[in-house]
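Q: FYI, in full-length UniProt numbering the residues of the sequence shown are 1 to 338.
Where is the CB? At the ideal position from N, CA and C, for every residue including glycine.
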Amino acid sequence: MSDLDVMNLFIIAGGTLAIPILAFLASFLLWPSALIKVYYWYWRRTLGLQVRYADCGGYRFCYSYRGKPGLRPSILMLHGFSAHKDMWLTVVKYLPKHLHIVCVDMPGHEGTTRTNTEDYSIQGQVTRIHQFVETIRLNRKQFHLVGTSMGGNVAGVYAACYPSEICSMTLICPDGQHPCETKFDNHLQDLEHSNYTLNIPLIPTTPEEMEDMFRLCSHVRFKIPQQILQGLVDVRQPHNTFYQEVFMEIVGENSRYALQDHLHLITAPLQVIWGRQDQVVDVSGATVIAEMLPGCRVDLLENCGHSVVMERPCRTAKLILEFIILQQNARSGTKKSS
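Listed below in structure tokens is the structure:
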């Protein structure tokens, strides 16, 4: 092989390597939102999660799942306000692969149907989630329900309305209680009369506001590049009007205290996980739940804010799994003794 051939070989090899590198840099600098979507796709693939759709009466649910129903209960995970099913990836990473896990996009969020006439109140979302559960036949056997923030409110009301379907549940920093008021909640009355003219901290419109939202939700300080912050804003921007609508629904009179109003109807064993430094929903809510349901287990995480799933994913997964096994063993012991 001549020197010229060797040189050409290096040029071709270098060009082949340069194309994906340049594509990555272009995506990072010019289309960070595309890079974020690729990131989620990659992690779903890596963790063995598959995306599926469930259709029911013209309404479509988007969800991801891993594993099949087995000896352990299936786990249904409900995300928080303005998030999506992929927010659970950090926790799923630390859960055993044989567990049957289902992460659904909440009504109107991400890939689940959004309509102008939809009821996005907590009770309205509970009705839709029950429709989803029946559509995929998840309730053929009792399952473990997990919900965080808004999803925790929905999960609690769901367990109160459909007690026979739930074997146990985990609420992570759930909203929907009377005393859980923070500086953030002081604006609620103004917001209800503002026609959305005031800024809502959980609906950022600029990279700076996105960074402020992370500071509000997380006690741990994550260093996020400006391009990624811009990408996150770009991904969310088309949905902000919808997020405003949902926000006003869940802080409205019918939903604001939905969880507390239904706590006395919850019969399933309950676990509460809360970040002690939560600035969005005050940690005192854990005490309220424990007082109303004395048998519940409370795990308070130090140096952790509202975004427990992002800040303490390994610890969260371990606590959920321990609780599921504990409840399953307790049921087995009860059956043997009887």
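Under the rule that 16 or more other beta-carbon atoms within 10 Å means buried, what is Lys85, buried or exposed?
A: By one-based count along the sequence shown, residue 85 stands at place 85. Buried, since its Cβ has 16 or more Cβ neighbours within 10 Å.
Q: Let me check understanding here. Comparing Cα to Cα, which of Glu110, Val146, Thr148 and Val102 lies closest to residue 358?
A: Because the chain spans 1 through 338 in this model, residue 358 falls outside it and cannot be assessed.
Q: Nearest-angstrom Cα distance between Cys167 and Leu49?
A: Numbered from its first residue, the sequence shown carries residue 167 at position 167. Numbered from its first residue, the sequence shown carries residue 49 at position 49. Distance between the alpha carbons of Cys167 and Leu49 is about 24 Å.
Q: Between the C-alpha atoms of Ile324 and Ala159, what's the straight-line distance to the nearest angstrom?
A: The sequence position of residue 324 within the sequence shown is 324, counting from 1. The sequence position of residue 159 within the sequence shown is 159, counting from 1. Between Ile324 and Ala159, the C-alpha separation is close to 16 Å.
Q: Candidates Met87, His98, Asn254 and Leu95: which alpha carbon is nearest His109's?
A: The residue labelled residue 109 in the question sits at position 109 within the sequence shown. Nearest C-alpha to His109: Met87.
Q: So, at 8 Å on beta carbons, what are the nonlocal neighbours of Glu192 in its own chain, with the 5 sequence-adjacent residues on each side left out?
A: Walking along the sequence shown from the start, residue 192 turns up at place 192. Any answer about Glu192 is weak, because its pLDDT of 45 lies below 50 and its placement is not dependable; what the coordinates show is given next. Excluding positions up to five away in sequence, the list reads Met248, Val251 and Gly252.
Q: My output table needs one value for Met77: the three-state DSSP class, helix, strand or coil.
A: What you label residue 77 is simply residue 77 of the sequence shown in a count that begins at 1. In this structure, Met77 counts as strand in the three-state DSSP scheme.
Q: Buried or exposed: which applies to His98, given that a residue is buried once 16 or more other Cβ atoms fall within 10 Å of its Cβ?
A: Looking up residue 98 in the sequence shown gives position 98. When all chains shown are included, His98 counts as exposed.
Q: Between the Cα of Gly111 and those of Leu71, Tyr59 and Gln226, spot the shortest distance and give me the residue it belongs to.
A: Here residue 111 refers to the residue found at position 111 when the sequence shown is read from its first residue. Ranking Leu71, Tyr59 and Gln226 by Cα distance to Gly111 puts Tyr59 first.
Q: Counting only the same chain and skipping the five closest in sequence on each side, list residues whose C-beta sits under 7 Å from that of Arg221.
A: Start at 1 with the first residue of the sequence shown, and residue 221 comes out as number 221. Nothing meets the Cβ criterion.
Q: Looking only at its chain, what residues have a beta carbon closer than 6 Å to the beta carbon of Val298, apart from the 5 residues adjacent to it on each side?
A: In the sequence shown, residue 298 corresponds to position 298, counting from 1. So the list reads Val272, Ala286 and Ala290, once near-sequence residues are dropped.
Q: Just the Cα atoms here: how many angstroms apart are Ala330 and Ile320?
A: What you label residue 330 is simply residue 330 of the sequence shown in a count that begins at 1. What you label residue 320 is simply residue 320 of the sequence shown in a count that begins at 1. Distance between the alpha carbons of Ala330 and Ile320 is about 15 Å.
Q: Between the Cα of Phe81 and those of Leu89, Gly147, Phe143 and His219, spot the shortest distance and give me the residue it belongs to.
A: As a working note, residue 81 is residue 81 in the sequence shown. Phe81 has its Cα closest to that of Gly147, out of Leu89, Gly147, Phe143 and His219.
Q: Who are the Cβ neighbours of Arg128 in its own chain at under 6 Å, not counting the five residues just before and after it?
A: Within the sequence shown, the letter at position 128 stands for residue 128. Excluding positions up to five away in sequence, the list reads Pro107.
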